[in-house]
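K.L.:
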Amino acid sequence: MEEVKPQLIKITFDGIEVEVEPGTTIMQAARKIAEADDTQAGLVPPAMCYYKPLPASGGKCRACLVRVAQGSAKDPRPMPKLVPSCITQVQEGMVVENTTNPAVLDTRKSIVEFLLINHPLDCPICDQAGECHLQDFAFEHGSAKTRYEEERRTFEKIDIGPNIQLHMTRCILCYRCVYTADQITNKREHGVMGRGDASEISTYIEKAIDNDFSGNVIDVCPVGALTDKTFRFKNRVWFSKPEDAHCNCDKCSGKAVVWYRGDEVIRVTARKNTWGEVTEFICNSCRFEKKKTSDWVLEGPTKVKRSSVISANKYRADLIKKPDFALKLAATQFKNIDDSRPYVTDSATIREQSIKNNDKANHRSLLSKN
Amino acid sequence: MTLMERAYLPAIATGLAITIKHFFAKKVTIEYPEVKRYLGPVFRGRHILKRDEEGRERCTACGLCAVACPAEAISMVAEERVKGEESLYREEKYAAVYEVNMLRCIFCGLCEEACPKQAVYLRHDEFVPVFADRDQVIWGKDRLVEDMNNRYTRESWTKEEARMLDAKRANGEATNVVPRAIP
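Line by line, the protein sequences give chains A and B.
When you read off a place in the first sequence, starting at 1, and then add 749, the result is the number in my numbering.
When you read off a place in the second sequence, starting at 1, and then add 26, the result is the number in my numbering.
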């Protein structure tokens, strides 16, 4: 039987044409562009709630709003409002504007403001600082000052099980942890209670999640709302050194990142891809119990983006910026030395030439004097 | 030459007069270790870890000073505040160890600029004293944290403030500014 290949859909994202499969979202199309050409990484819409490995996630934070200037080739009218790119599927001939449209950037600025309304300014204390998606989002798209003067909502800290701590104050209600819990258990153990301003992540009256994979809610959380209690206040992420490592685990893939302070393992997390997403969850025993180097087989230092603060004070070759500009300039100005003179061995000729050269030099210096 | 010029005596007298005038003139030099010059409001001397008005330590060991430090002179260990220590530390996390390596420090003041809690400052009135021993090079919290009985006061706590004060002084305004202990 002949294999039926789905016809690819061509869309234009910020002036760049890309072909994707039907059913792909605008976000995925943008990521495809960036994966093909990493200089275009800046045009991918930011995502605070969307998490590809978690089905049904997305559409909540509005960080990824884009403008669709042309709905499709058949219906070229623009979409009336900005649409969330993480849940909007592409159509043939769609034209999307993200960084090229000032309205989108302006809206994004407002979205940062909305997300930060109830988010406390406790980054100096928060363990997530340095790898926080909200920090990145606010830094890249927000304004430097807050206009909010009212009281922020506050909650008491809650311990979810022995190893996870919930700071509801910091939560931005992205629902990622809820979808993670839905994925790893059959029962509903973890959800959001209350509505609007009063909504709150809860585990049905603080019922501890005793699932083996519950620790992954820490990695999935874009902010510091769910944090590792074994790592609490141990160190700032940029002082620790991440190393890729694996171990033989019968529950999970065993692929993890081990964070060192000196020779001491202070934290174990799952591996994240370019988009900050964990594709392979790790189990709780790997995360919370294997805190010795002997538990792990090290693979080498984790690749950290140079823009990340985690790369600070680390002098690995791939983290040090090469002087691109100077090298390019040198390449344009490079000239081969003219060395076409005959090679003279005869002593009489050498003597004659050196006298001539000497005269030339004297002549030149006398000329330059005048 | 005229007779007056040939006599030389008047010239010697004028010369001596200049010399004698300098005996009574105000001296431009000072006797350094006994007398110290005012170094300016934004001089960057030794570090201090500030306390707030209630005497609680402001530092939360966020590590921004250490990551901003180009000489990697600062290191710290954070600790969680326990119940009963609310009068000692301002936030739920504090620096149990805070060390500045004064040999490494280049007194650039980036730590001061990076500090989100206005905890670390470079004093405008004190230098790091000369080391006599290697043990004295690394300053711990015992030497860095502010003494509440002898607080560090300053006329202006930011560069902007200092600049404004300078402008006011140049115009003859703001003659009596009282240095204050709290940024």
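All residues carry an ideal CB built from backbone N, CA and C; glycine is no exception.
These numbers come from a predicted model, not from an experiment.
#1: Which residues does DSSP pair with Val-1014/A in a beta bridge?
#2: Output the boundary residues of the beta strand (DSSP E) element that contains His-73/B.
#3: Residues of chain A with CB closer than 7 Å to the CB of Glu-117/B, please, in chain order.
#4: If distances are taken between C-alpha atoms only, which option among Ala-947/A, Asp-968/A, Thr-1081/A comes closest to Tyr-928/A?
#5: Roughly how many angstroms lie between the CA atoms of Ile-954/A and Ser-948/A, to the nearest whole one?
#6: How is Asn-1111/A classed by DSSP in three states: helix, strand or coil?
#7: Since Glu-98/B meets chain A, which of its residues come closer than 8 Å, beta carbon to beta carbon?
#8: For Ile-758/A and Thr-773/A, what's the separation of their Cα atoms in angstroms?
#9: How should Leu-114/B be labelled, buried or exposed, when 16 other C-beta atoms within 10 angstroms of its C-beta is the threshold for buried?
#10: Excluding the 5 residues flanking Glu-899/A on each side, which residues of the same chain have their C-beta closer than 7 Å to its C-beta?
#11: Check for me: the beta strand (DSSP E) holding Gln-914/A runs from which residue to which?
#12: Count the other C-beta atoms from every protein chain shown that fall within 10 angstroms of the C-beta of Ile-56/B, then say buried if there are 16 or more, exposed otherwise.
#13: Grab the span of the alpha helix (DSSP H) containing Lys-781/A for me, first residue to last.
#14: Would you give the residue range spanned by the alpha helix (DSSP H) that Gly-166/B belongs to?
#15: Using the beta-carbon of each residue, which ones in chain A are nearer than 8 Å to Ala-134/B?
#16: May I have the straight-line CA-CA distance separating Gln-932/A from Val-972/A, to the nearest angstrom?
#17: Would you list the one or two residues that DSSP bridges to Lys-143/B?
#18: Mind pulling the chain B residues with CB within less than 8 Å of Trp-987/A?
#19: Applying a beta-carbon distance threshold of less than 9 Å, which residues of chain A neighbour Thr-40/B?
#20: I want to see whether chain B comes within less than 9 Å of Asp-871/A, judged by CB atoms only; does it?
#21: Give the straight-line distance between the Cα atoms of Met-917/A and His-882/A, rounded to the nearest whole angstrom.
#22: Measuring straight from C-alpha to C-alpha, what distance separates Gly-842/A and Pro-833/A?
#23: For Val-1093/A and Ser-1103/A, what's the separation of their Cα atoms in angstroms?
#24: Would you mind stating whether Arg-149/B and Gly-71/B have Cβ atoms separated by less than 9 Å?
#25: Are the C-beta atoms of Phe-888/A and some chain B residue less than 9 Å apart?
#26: Since Ile-1058/A meets chain B, which of its residues come closer than 8 Å, beta carbon to beta carbon?
#27: Give the secondary structure of Asn-1106/A by DSSP, where H, G and I count as helix, E and B as strand, and everything else as coil.
#28: Thinking just about the alpha-carbon of each residue, which of Pro-991/A, Asn-960/A, Val-1058/A, Ser-963/A is nearest to the one in Lys-1021/A?
#29: So that I know if they touch, is there some Cβ in chain A lying closer than 9 Å to that of Glu-105/B?
#30: Is the Cβ of Phe-980/A closer than 9 Å to any Cβ of chain B?
#31: Could you tell me the distance, in whole angstroms, from the CA atom of Ala-974/A to the CA atom of Ile-913/A?
#32: Examine the Cβ distances between the stretch 816-823 of chain A and the stretch 795-808 of chain A and report whether three or more of them are shorter than 8 Å.
#33: Using only the alpha-carbon positions, how far apart do Asp-908/A and Ala-121/B sit?
#34: Reducing DSSP to helix, strand and coil, say where Lys-858/A ends up.
P.N.:
Judging by the given coordinates:
#1: For the purposes of this step, residue 1014/A is identified with residue 265 of the first sequence, where counting begins at 1. Listed as beta-bridge partners of Val-1014/A by DSSP are Tyr-1009/A.
#2: Here residue 73/B refers to the residue found at position 47 of the second sequence. It spans 73-75 - the beta strand (DSSP E) in which His-73/B sits, taken as one unbroken run.
#3: Position 91 of the second sequence, counted from the first residue, corresponds to residue 117/B. When 7 Å is used as the limit between beta carbons, Glu-117/B is near these residues of chain A: Ile-874, in chain order.
#4: Counting from one through the first sequence, the residue named residue 928/A turns up at place 179. Taking Tyr-928/A as reference, the option from Ala-947/A, Asp-968/A, Thr-1081/A with the minimal CA-CA separation is Asp-968/A.
#5: On the first sequence, position 205 is the one that residue 954/A refers to. On the first sequence, position 199 is the one that residue 948/A refers to. Low local confidence applies: a pLDDT of 45 at Ile-954/A is under 50, so the model's placement there is unreliable, with the coordinate-based value given in what follows. Approximately 14 Å, taken between the alpha carbons.
#6: If you number the first sequence from 1, residue 1111/A lands on position 362. Correct three-state label for Asn-1111/A: helix.
#7: Against the second sequence, residue 98/B aligns to sequence position 72. Those within 8 Å of Glu-98/B in chain A are Asn-1062.
#8: Residue 758/A sits at position 9 when you count from the first residue of the first sequence. Residue 773/A sits at position 24 when you count from the first residue of the first sequence. When only Cα atoms are considered, Ile-758/A and Thr-773/A end up about 9 Å apart.
#9: Taking the first residue of the second sequence as 1, we reach residue 114/B at position 88. In the assembly as shown, Leu-114/B is an exposed residue. Its beta-carbon has fewer than 16 other beta-carbons within 10 Å.
#10: Taking the first residue of the first sequence as 1, we reach residue 899/A at position 150. Excluding residues within five positions, none has a Cβ falling inside 7 Å.
#11: Here residue 914/A corresponds to residue number 165 of the first sequence, with the count starting at 1. Run containing Gln-914/A: 913-915, per the beta strand (DSSP E) assignment.
#12: Counting from 1 along the second sequence, the entry for residue 56/B is found at position 30. Classification for Ile-56/B: exposed.
#13: Taking the first sequence and counting its residues from 1, one reaches residue 781/A at position 32. Looking at the DSSP string, the run of the alpha helix (DSSP H) that includes Lys-781/A is 775-785.
#14: The residue you call residue 166/B lines up with position 140 of the second sequence. Annotation for Gly-166/B: no alpha helix (DSSP H) segment contains it, and DSSP assigns it neither H nor E.
#15: For the purposes of this step, residue 134/B is taken as residue 108 along the second sequence, with counting starting at 1. This sequence places Cys at residue 134/B; Ala is not what is there. Near Cys-134/B there are no residues of chain A at all, since even the closest Cβ is about 16 Å away, more than 8 Å.
#16: In the first sequence, counting from the first residue as 1, residue 932/A sits at position 183. In the first sequence, counting from the first residue as 1, residue 972/A sits at position 223. Cα to Cα, Gln-932/A sits roughly 20 Å from Val-972/A.
#17: Here residue 143/B corresponds to residue number 117 of the second sequence, with the count starting at 1. Per the DSSP secondary-structure output, Lys-143/B pairs with nothing in a beta bridge.
#18: Within the first sequence, the letter at position 238 stands for residue 987/A. Correct list: Gly-89, Val-93.
#19: The residue given as residue 40/B occupies position 14 in the second sequence. When 9 Å is used as the limit between beta carbons, Thr-40/B is near no residue of chain A, the shortest such separation being about 46 Å.
#20: As a working mapping, residue 871/A is identified with position 122 in the first sequence. Taking Cβ atoms only, chain B reaches closer than 9 Å to Asp-871/A, which makes this a yes.
#21: As a working mapping, residue 917/A is identified with position 168 in the first sequence. As a working mapping, residue 882/A is identified with position 133 in the first sequence. So the alpha carbons of these two residues sit roughly 17 Å apart.
#22: For this step, residue 842/A is matched to residue 93 along the first sequence. For this step, residue 833/A is matched to residue 84 along the first sequence. In this structure, the alpha-carbon of Gly-842/A lies about 18 Å from that of Pro-833/A.
#23: Taking the first sequence and counting its residues from 1, one reaches residue 1093/A at position 344. Taking the first sequence and counting its residues from 1, one reaches residue 1103/A at position 354. The C-alpha of Val-1093/A lies about 12 Å from the C-alpha of Ser-1103/A.
#24: Locating residue 149/B in the second sequence gives position 123, where the first residue counts as 1. Locating residue 71/B in the second sequence gives position 45, where the first residue counts as 1. Contact flag set, yes.
#25: Indexing the first sequence from 1 puts residue 888/A at position 139. So no, Phe-888/A is outside the interface.
#26: Here residue 1058/A corresponds to residue number 309 of the first sequence, with the count starting at 1. Sequence check: residue 1058/A is Val here, not Ile. Val-93, listed in chain order.
#27: Here residue 1106/A refers to the residue found at position 357 when the first sequence is read from its first residue. Asn-1106/A: helix per DSSP, three-state reduction.
#28: By one-based count along the first sequence, residue 1021/A stands at place 272. The shortest C-alpha separation from Lys-1021/A is found at Pro-991/A.
#29: Taking the second sequence and counting its residues from 1, one reaches residue 105/B at position 79. For Glu-105/B, the answer is yes, since a Cβ of chain A falls inside 9 Å of its Cβ.
#30: Residue 980/A sits at position 231 when you count from the first residue of the first sequence. Cβ-Cβ to chain B under 9 Å: no for Phe-980/A.
#31: Taking the first residue of the first sequence as 1, we reach residue 974/A at position 225. Taking the first residue of the first sequence as 1, we reach residue 913/A at position 164. For Ala-974/A and Ile-913/A, the distance between alpha carbons rounds to 10 Å.
#32: No: fewer than three Cβ pairs fall under 8 Å.
#33: Residue mapping note: residue 908/A aligns to position 159 of the first sequence, counting from 1. Residue mapping note: residue 121/B aligns to position 95 of the second sequence, counting from 1. Asp-908/A and Ala-121/B have their C-alpha atoms roughly 24 Å apart.
#34: For the purposes of this step, residue 858/A is identified with residue 109 of the first sequence, where counting begins at 1. In the displayed model, Lys-858/A falls within a helix according to three-state DSSP.
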